[in-house]
Each structure stands twice: as structure tokens, then as C-alpha cells.
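Visitor:
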Amino acid sequence: MDIQNTIQTLREELNQHNYNYYVLDKPTISDFEFDLKLKQLQDLEDKYPEYFDENSPTQRVGGTITKNFQTVPHEHRMYSLDNSYSKEELSDWEKRIQKVLGDVPLEYTCELKYDGASISITYENGKLKRAVTRGDGFQGDDVTNNIKTIKSIPLKLKGNFPEKFDVRGEIILPFAGFEKMNQELMEIGELPYSNPRNTASGSLKLQDSAEVAKRPLDCLLYFLIGHKLPFNSQFDGLETARKWGFKVPKEAKLAHNLEEVFEFIDYWDIHRHNLPYETDGVVVKVNSFYFQDELGFTAKSPRWAIAYKFKSEQVSTKLSSISYQVGRTGAITPVANLEPVQLAGTIVKRASLHNADQIEKLDIRVGDTVFVEKGGEIIPKIIAVDFTKRNENSAPTKYITHCPECHTELVRGEGEANHYCPNFYGCPPQIIGRIQHYISRKAMDIEGLGGETVALLFNNGLVHNFADLYELTVEQILPLERMAQKSAENLVKGVKNSVNIPFERVLYAIGIRFVGETVAKKLAKHYKSIDALSQATLMDLVLVDEIGDRIAQSVIDFFENIENRIIIERLKSYGIQFEIVEKVNPNATNKLSGKTFVVSGVFEKYSRDDLKKAIEDNGGKVGSSISAKTDYVIAGDNMGPAKLEKANKLNVPIISEDDFMILINES
Ligand code: AMP
Ligand code: ZN
């Protein structure tokens, strides 16, 4: 087969696999096989640049930098939607329509209102041409490169599509992905994002599309617009869009009258809490395009569509005080202390206030009556102040200027939302927070020592940093509250045992800002020892895969600090691992890293142990039984029928010993 054909076939295969995974949610190959194919395509494209295609699946990983997003006009204006908040308002809306159309029977398409950032994507000859944000409705920003990294958006369409049209939809961040992003941020001591919607819309304007590619964004489509579209109603449009490869939520429903619209609303008012993404209402659209044309638009929105907003659960209560928390990195978070009140099944006593700007924006004052709401987030938030109940003598809230814990003057970096306490080495919650991070499960995992005991040790003057832990004696700990001989001994033993923790986790544990678990692994693997890492220059560091300026600078700052260097030297003297311990094996690779294999049956050319060793030498794992975590089964003769059935049921690919050898010998 000629090269161009091979490239074309690979692209089509990969497009189909992306579609199966991200749109249908039904993958048919393992991630590993997908990665292999993608790499194969990438290699061919590198070698034969004449076959470059901007819509190749290899372009999904991003990498383009956009300094200024270009403003472009929308060929078809992007309107907003009128809102309604009750069934009466919907009935009134229907009456207005019937005034124009006469007393005709009306059908409506009911859809969920997805809460994200709207986007308009132009397709020409079945290829994604351009993606533009809503902007002011007449013109928006060209964010094509960022949009292409979202895997559920097709780069090429299937079936019988018109030559040119726009598709409209909402870029969203499902809860699970949002929580995962926040988890990772908090692990490195960063502040979490406040809600999925803002994070989704912020993502569209990131300059580096490779960053966008890493975010678990999704796109839900709800509208096609263009000339000569092969359907006459909204509902058929949705069906058709689905056929061309777009992700159109299945929840949309055709209602034959307003009663059925109400049923849809009532159903989703309850069940929306089970959806994987945020929705704040329902959009009702007159189904027939003929009627839509008759109805037309007002200055801002179509007359044939209306949004119904769900009532979010809201209560009012009194703000008793504002307290300020200091995190492990010194970031200050203001917290509202409320008079306890029942909200969405729980009693709420506190709400997040985010930062100084938020307090100023709401003009919130102690003693105010405030409205509290529970949205998609776990911590409730304050929506507004009930100004009718404000005490005449109240004065605007003055944000603190000094750290509530150590009284150091706070700083606020340019463009940063939060204030920080710069007293890194003297501020108690920062010191305690760092030690708590050091002993935590993903870091040094010290048994017999918990977060509260760390605070206790610090408050009793026994430790000031994590190196001090290694000098603790049973006699020193014993007098502390709730300490017995046994628990004191366990604590000392737990600390001693941490000398077995490998370097990459030690690197994570010492809490260099922005160095989370994944980055620590990367740095450990690249530099192999703390000495090499501490001597790296900014230039060296940014050349390491996935290490950007911000992380690099933070590493440099960390090692420039003499106190950090002293702590590291001390840890070395206690036997903590500051180097990678390498197994000597000249043939070792990490080709199979992250992959789990199960070996089953009798083989011709290799023994089972040979195969297992080859798996491990190449970075893979050997599993004992087939499960959803198994990536491959290497099968010889006489593989048990039960195993075979299980592998088939779980869609685990079964490969021969020869296939396996090809896998590890492939370049
Ligand atoms: P608003 O921003 O309140 O004027 O609401 C209009 C916006 O709702 C549109 O610009 C879309 O981005 C968004 N939207 C979300 N889901 C839908 C949907 N199913 N149909 C139409 N618009 C939707
Ligand atoms: Zn402080």
C-alpha cells in the first residue's frame, strides 16, 4: 500500500475510535492500542510532511500558541434566549405565539440548558473550518486551535452533509473532570477553580492549545444553521447532527403540547442532579422551521425559543462573622460564618467568599442578611446581600492587611486573586501544612502519625519542619495529650520507615510549589538525583517534557533558599532517598509503562517466566487474573475457556507471543 493510503487509513481509523470513545462512550480498542496507532501516524506525518492535514487526529494534542485571538464576524448572528421562571410565563409565551400564528397545534423540542460557553463551528465540505466564541453575538474570537483539541468534536463528518453550515453548541466541563482538575491543583498547593462554567470558558482563551488538550472539556451540540439543510424541524436537526458525528445529548425530547413540556421540566428539575454536567434550566423551541420563520426575532432573541430556569435552592440567613484561613502555601481564603440554616438537605454554617474582590463586589458586611445558594459545588456560596435588611450603621468590610496567624503584612501579586502571607518559614499554618503534606499518604506515607498530631508536635515546640520528625524520641512524645507508650513507639517507627520511600515521592513530599505527583515523577526520572536537580538551570529545566516556566522557576527558587538546602542535607543524613535506584538491565525500556498484562496458556518459543520478565523489564505490570484493568492477555495454547470468555466480555485484546514480541520491538 502506498504511504498516502496508509496515512489516510490510519486517520480514518483514529477518527472512528475517537468517535466511539468520546461521543458514543463505547471504546472498541484499548488506550494503548490507540496510542500505538496515533504514534504510527505521527511518525509517518513527520517523515512525509507533504501529506500534512490540519484536521488529522494528530492535531488534537495541540501545541499552537495564540497570542491574540482574532475577532471574526459570525455569518449568522448568535442570539441570546429570553428567560422564564414559571409555567405561567411559559403559557403566556405560547399565547404570544398563537397571536402570530393563529390557533395551530404546536410541537416543541425540549432540551436541557447546558451551562458552559457557547461556540459556533463552521464546517466546509465535511471538515472543521473554524470555531468562534459568541462574543457580542455579531462577532467573536477565533479559537479554532483550542477547539480542535476537544475530542468529541468531529474534525471530519460522516454521511450526507451539506457543503457548508455552522453548528452551535456549548463547551462544558463535566463535574468529574472538574473535580479531578481541582484535586490536582490542591495537591500542589494551588487554589481550586470555583466552578465548571468559568473554567470551561476560561479554557477557550488559553494561549497554549496543548494546555487546552489536557483539560477534560466536552462539547454538547444543539443547533445547525445554514442554507439548504436537509430537514425542517429542530428535532430532526438534532437527529441529523447526531448522524453526522456530533455529540447531541439524548435527553432532548419532542413535546406535542405545553403539558408535555411541563412534564419534561418537572422530570429534569429532580433528575438534573444525576447528570454528569451542570444544567440550569430547559430550553423550549418551537419545533417547525416554518413556524420559526413566521415568528422571527426580537432585538436580542428568537421569539420561537425560551429558556425556563430551574429555581436553585436558596435561603437567607445572617452573616455572623468573616474569618480568614491560611493555607499551606500561604494563600488567604475568607470564609463566611453564618447563622446555621437548612439548605438542600444539609445544615449550612459556612460559605466560601473566595477573595477580597468577591467581598467588595457583593458589598458584604458582618450583620447583613445574605442569600445562600447551593449550586454544583460542594461548598455553598453567597449570591447577594438583602439590602432591605441592612443595618444603617454598618460600614464596608475592610479586608485584613496582616496575617491572622503570624501578623505579617500580606502581599498580593499582580493579577492574582488572593492575598498571601509571605512568612513562609514562620507562619504556623504554613509550617504545619507543609509537614502534614510531607507525611501524607501519597507523599512519605508515615504510619502512626496524623495531621492533628503534627499540629500538636508543632504547638509543643517539638518540630519546626519535617526534618525535625527524624529526631523525635519516645520520651519527648509521651507527655503529649492522648499519647501512650505504644502510639509513641509507632510514631517513631513510622518516621524511621520512611527511608524506604522512593525518590520521586520524596521529591513530591518536600513540597516545592507547583511540583505535584506527576511533575515530581518527571523530574525524578529525568535528573535521577536531588543533587543533579538542584544544579539544573532554568534553561535545562524547561527542556524537560511538560515542565514550563512557572514550574522551572519554582524549582530554582526552592534550591536557592538556604533553609531548604539545610533541610535536604539533614534528610540525607537520616537516610532518605534522594536518588533513583536503578535496576541494571541494558535492555530495559518503559514502552509498556502503565500497561497490565495477563499471561495464560502454554507457549512455544518462550517460557511464561521469560514473558513475564520481558513485560516487567519494559515497564509493564503482570496481573494474575483478567479484570477491567487488564490491557492485554498474552495467550498460548490451552488457555482456559473461562479466561477466554472473561477477556472477550471485558473486551481485553488477546495477543500471541509473536504479537507481544512485535509490540516490544517496535521502534
Ligand atoms: P443566555 O446566555 O442566558 O442568554 O442563554 C443563551 C445561551 O444558552 C445560548 O447562547 C447558549 O450558549 C446556551 N444554551 C445552552 N443550552 C442550550 C440549548 N439546548 N439550546 C440553545 N441554547 C443553549
Ligand atoms: Zn502568616
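For the numbering used here, count along the sequence shown from 1 and bump the result up by 37.
Built from N, CA and C at the ideal position, the CB exists for glycine as well.
Keep in mind that this is a model prediction, so the values were computed, not measured.
Quick one: measure Cβ to Cβ for Glu-315 and Pro-417, integer angstroms, because I've assumed they're closer than 8 Å.
Guide: In fact, because the Cβ distance is near 15 Å, the residues do not count as touching under 8 Å.
Visitor: Which of the three DSSP states, helix, strand or coil, is assigned to Ile-483?
Guide: Residue state, collapsed to three classes: coil.
Visitor: Consult DSSP for Tyr-736 and reduce its assignment to one of helix, strand or coil.
Guide: In the structure as shown, the chain begins at 38 and stops at 704. Residue 736 is therefore absent and cannot be evaluated.
Visitor: At what residue ranges does the stretch 641-702 contain a whole run of the beta strand (DSSP E), taking only runs of 3 or more?
Guide: Listed in chain order, they are 669-672.
Visitor: On the DSSP bridge assignment, give the partners of Thr-555 in chain order.
Guide: BP columns for Thr-555 are empty, so no partner.
Visitor: Please give the ranges of any beta strand (DSSP E) in the stretch 285-349, keeping only runs that are unbroken, at least 3 residues long and fully inside the region.
Guide: Segments of the beta strand (DSSP E) lying fully in the stretch 285-349: 290-292, 316-323 and 342-346.
Visitor: Can you give me the start and stop residues for the alpha helix (DSSP H) that Ser-128 sits inside?
Guide: From DSSP, the alpha helix (DSSP H) with Ser-128 extends over 124-138.
Visitor: Near Asp-582, what residues of its chain come up, given a Cβ to Cβ distance below 7 Å and the 5 sequence neighbours on each side ignored?
Guide: Taken in chain order, the residues that qualify are Lys-559.
Visitor: Just checking my contact of Gly-206 with Tyr-259 at CB under 8 Å: how many whole Å lie between their CB atoms?
Guide: Confirmed, Cβ separation roughly 6 Å.
Visitor: Are the beta-carbon atoms of Thr-366 and Gly-226 separated by less than 7 Å?
Guide: Closer than 7 Å, so yes.
Visitor: Any heavy atom of the ligand ZN inside 6 Å of the beta-carbon of Asn-455?
Guide: Outside the cutoff, so no.
Visitor: Going by the C-beta, is Glu-207 closer than 6 Å to any heavy atom of the ligand AMP?
Guide: Yes, the Cβ of Glu-207 comes within 6 Å of a heavy atom of the ligand AMP.
Visitor: Taking the CB atoms as reference points, tell me whether Ala-292 and Leu-275 lie closer together than 7 Å.
Guide: Result no, Cβ atoms of Ala-292 and Leu-275 do not sit closer than 7 Å.
Visitor: In or out: Lys-193 buried (at least 16 other Cβ within 10 Å) or exposed?
Guide: It counts as buried.
Visitor: So, is Met-115 buried or exposed, given that buried needs 16 or more other C-beta atoms within 10 angstroms?
Guide: Per the 10 Å Cβ criterion, buried.
Visitor: Please determine whether the Cβ atom of Val-320 lies at a distance below 6 Å from any heavy atom of the ligand AMP.
Guide: Result yes, Cβ under 6 Å from the ligand AMP.
Visitor: Beta carbon of Ile-419, beta carbon of Ala-388: below 7 Å?
Guide: Contact: yes.
Visitor: Considering only heavy atoms of the ligand ZN, list every residue whose Cβ is less than 6 Å from one of them, following chain order.
Guide: Per the Cβ criterion, the list is Val-363, Cys-440, Glu-442, Cys-443, Thr-445, Cys-458, Asn-460 and Cys-464.
Visitor: Which residue's Cα is closest to the Cα of Pro-229: Leu-687, Asn-392, Tyr-56 and Met-481?
Guide: The residue with the shortest Cα to Cα distance from Pro-229 is Asn-392.
Visitor: In this structure, does DSSP put Gly-531 in helix, strand or coil?
Guide: Residue state, collapsed to three classes: helix.
Visitor: DSSP beta-bridge partners for Pro-371?
Guide: Answer is Tyr-361, bridged to Pro-371.
Visitor: Among Lys-565, Asp-330, Asp-83 and Cys-147, whose alpha-carbon lies nearest the alpha-carbon of Glu-300?
Guide: Looking at the Cα atoms, Cys-147 is the closest of the given residues.
Visitor: For a test of your reading of the model: does the CB of Ser-117 fall under 6 Å from any non-hydrogen atom of the ligand AMP? Yes or no.
Guide: Yes, the Cβ of Ser-117 comes within 6 Å of a heavy atom of the ligand AMP.
Visitor: Comparing C-alpha positions only, which one of Lys-124, Ile-483, Ser-566 and Glu-91 sits nearest to Glu-297?
Guide: Of the listed residues, the one whose Cα sits closest to Glu-297 is Lys-124.
Visitor: What is the DSSP secondary structure of Gln-96, counted as helix, strand or coil?
Guide: Gln-96 falls in the helix class under three-state DSSP.
Visitor: Can you tell me which residues form a DSSP beta bridge with Ile-419?
Guide: Bridge partners of Ile-419: Val-409.
Visitor: Should Lys-506 and Val-532 be called a contact, given that it needs their Cβ atoms to be closer than 7 Å?
Guide: The identity of residue 506 in the sequence shown is Leu, whereas the question assumes Lys. Yes, they are a contact pair.
Visitor: Counting only beta-carbon atoms, is Arg-645 nearer than 7 Å to chain D?
Guide: Structure shown: chain D not included; a single protein chain is present.
Visitor: Quick check: the Cα distance between Phe-697 and Ser-477, rounded to an integer number of angstroms?
Guide: Rounded to the nearest angstrom, the two C-alpha atoms are 39 Å apart.
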